[in-house]
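Count along the sequence shown from 1, then add 33; that gives the number in the numbering used here. This report concerns only the one structure given below.
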Amino acid sequence: MLICISGDDLRVNTSSTPSRDMVRELIALRSEDRFIFTLSEQSLREAWCGEYFGSLPKGRWTIHPERHSRRLVTLAKLLGVPGFGATKAEGDVYIRFNMDTFGPGRKPLIALIADLSAIRRPKEASLRWHGRILFRRGIRDALKIADRITAISEFSRNDLIDYAPESAPLLRVIPNGLGAAWFSETRRSGVSTIPPDGPGYFIWYGQVTPRKNIGGLIEAYGRLARQYGAGDIPELLIVGRFLEGEGKIRAAVAAHGLESKVRLLPPQPLDALVQLVADSRGLVFPSFYEGFGMPVVEAMACGRPVLTSSCSSMPEVAGGHAVLCDPADPDSIAAGMARLLDGEQWRPEAMAARRSWARNFTARAAAEGYSALIDEVIAESHRS
Numbered sequence: 034m035l036i037c038i039s040g041d042d043l044r045v046n047t048s049s050t051p052s053r054d055m056v057r058e059l060i061a062l063r064s065e066d067r068f069i070f071t072l073s074e075q076s077l078r079e080a081w082c083g084e085y086f087g088s089l090p091k092g093r094w095t096i097h098p099e100r101h102s103r104r105l106v107t108l109a110k111l112l113g114v115p116g117f118g119a120t121k122a123e124g125d126v127y128i129r130f131n132m133d134t135f136g137p138g139r140k141p142l143i144a145l146i147a148d149l150s151a152i153r154r155p156k157e158a159s160l161r162w163h164g165r166i167l168f169r170r171g172i173r174d175a176l177k178i179a180d181r182i183t184a185i186s187e188f189s190r191n192d193l194i195d196y197a198p199e200s201a202p203l204l205r206v207i208p209n210g211l212g213a214a215w216f217s218e219t220r221r222s223g224v225s226t227i228p229p230d231g232p233g234y235f236i237w238y239g240q241v242t243p244r245k246n247i248g249g250l251i252e253a254y255g256r257l258a259r260q261y262g263a264g265d266i267p268e269l270l271i272v273g274r275f276l277e278g279e280g281k282i283r284a285a286v287a288a289h290g291l292e293s294k295v296r297l298l299p300p301q302p303l304d305a306l307v308q309l310v311a312d313s314r315g316l317v318f319p320s321f322y323e324g325f326g327m328p329v330v331e332a333m334a335c336g337r338p339v340l341t342s343s344c345s346s347m348p349e350v351a352g353g354h355a356v357l358c359d360p361a362d363p364d365s366i367a368a369g370m371a372r373l374l375d376g377e378q379w380r381p382e383a384m385a386a387r388r389s390w391a392r393n394f395t396a397r398a399a400a401e402g403y404s405a406l407i408d409e410v411i412a413e414s415h416r417s
């Protein structure tokens, strides 16, 4: 069988990380099949492409260069040019992880719709105006041409059904999965050296957009500092790429007099990020909306306490192992941060329970879900 995957959807950003890990496991799992990745010339020139595809097992896959650039395909879609950018690659089944790839007519097709943040909270979404237009069109097209649509949580599945009831028969939930680096014991060398009552640091990481509520987190951290004394609470480490609003965040930090307590770091290599999380006093992740929330289970895989929001997918993904807060209420966030320092959060049993829960979300399990779905749509196509 020849499995065709949109390689452009695996470009380096936080939302594509679980797809990259899953695809690596899928190749290992389906040892009798071959894979073809469609890639734009732009992607082929980017550093991530050589690094990622160089890490895949040799001899099992090939690359199909696409004729048109991503920018040209995007423009054509905005102008409503039908079929422009549809891949010429031939496969027995097609998989895409984004809304703007492959074009119509590539069947059988498995399409991922991760979440509806661009629709539910458009003012806070990372997509710009044209991206939101394409996203809505992508959902419309997926409902017409996809044989199956995957969601990354039960919340996302139900949210999509609420938005488009006709999607219900097509939907299957395949949760995001963590790569092996998050479960490695050897890389947690610093964990045992952090005493439960030591200062250390809280950590947040990801792409900084209004939806992630970093402004609310800074406000809550300022209140925590005033309540307990800035010298007696952990620092706040924010790791990620600012898509917008960096000036406002820095101004908020200064307004609270927290320049010595809040550190902003650029995106880190995976091994360095895992170690930062593993050495932290806990993850603080009070997002307004998530389709899944990878940092929640990543931190749990390291045994760390987690503060996250009581809305969208986050209670589901946390599975009762996190402190929940109202992301719209800085006092609720601050109280949750204080709870992360409780001795109860640092009991060996609590840390082990978090690690055990995180093992429900592995890249291998996600690959098994996609593998079963591939067999399902192929069998269905043979019957039709």
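Don't be surprised by glycine CBs; every beta carbon is placed ideally from N, CA and C. The structure presented is a predicted model; accordingly, all values stated were derived computationally and were not measured.
Own chain residues within Cβ distance below 6 Å of residue i, not counting five before or after
i: F130; result: D42, S52 and L145
i: I271; result: W237 and L297
i: G264; result: none
i: R170; result: none
i: A396; result: D54, M55, E58, G210 and G212
i: S365; result: C358 and D359
Residue environment, residue i, which counts as buried when at least 16 other CB atoms sit within 10 Å
i: T95; result: exposed
i: D54; result: buried
i: E58; result: buried
i: W162; result: exposed
i: P155; result: exposed
i: D195; result: exposed
i: P363; result: buried
i: P141; result: buried
i: D148; result: buried
i: S417; result: exposed
i: L340; result: buried
i: L303; result: exposed
i: S414; result: exposed
i: A122; result: buried
Chain B within 8 Å of residue i, Cβ atoms only
i: R67; result: No chain B is part of this structure, which consists of one protein chain only.
Pair within 8 Å by beta-carbon distance, residue i and residue j
i: D125; j: I36; result: yes
i: S313; j: Y234; result: yes
i: Y322; j: S150; result: yes
i: E268; j: K294; result: yes
i: V468; j: I178; result: Since the first residue shown for the chain is 34 and the last is 417, residue 468 is missing from the structure and cannot be characterised.
i: V56; j: I69; result: no
i: L203; j: Q240; result: no
i: L357; j: S345; result: no
i: L62; j: E99; result: no
i: V106; j: G118; result: yes
i: I207; j: T183; result: yes
i: M132; j: F86; result: no
i: R93; j: I60; result: yes
i: R256; j: A367; result: yes
Rounded C-alpha distance that separates residue i from residue j
i: V224; j: A311; result: Residue confidence is low: V224 scores 43 on pLDDT, short of 50, so the model does not pin down where it sits. No coordinate-derived value is stated.
i: P360; j: M347; result: 11 Å
i: S102; j: I166; result: 19 Å
i: L89; j: E65; result: 15 Å
i: L250; j: A284; result: 14 Å
i: I407; j: V286; result: 49 Å
i: E187; j: V114; result: 34 Å
i: L111; j: I185; result: 27 Å
i: A412; j: S404; result: 12 Å
i: A371; j: I282; result: 22 Å
i: L316; j: P338; result: 6 Å
i: F318; j: Y254; result: 12 Å
i: G273; j: A258; result: 23 Å
i: L193; j: R67; result: 32 Å
i: S189; j: A197; result: 12 Å
i: A175; j: A158; result: 21 Å
i: P381; j: H289; result: 35 Å
i: H354; j: I266; result: 22 Å
Local conformation of residue i per DSSP, three classes
i: Y322; result: coil
i: F275; result: strand
i: F216; result: helix
i: Q378; result: helix
i: A288; result: helix
i: G336; result: coil
i: L105; result: helix
i: R161; result: coil
i: T50; result: helix
i: C37; result: strand
i: F130; result: coil
i: Q301; result: coil
i: P98; result: strand
Residues near residue i in its chain [Cβ-Cβ closer than 7 Å; skip 5 each side]
i: A334; result: L211, W215, F216, R388 and A391
i: V330; result: L211, V350, A391 and F394
i: S76; result: G40, D41, R44 and C82
i: M384; result: G336
i: K91; result: none
i: L160; result: A151 and F168
i: E84; result: none
Chain-order list of residues whose beta-carbon lies under 8 Å from that of residue i (same chain, five-residue window excluded)
i: T50; result: G212 and M327
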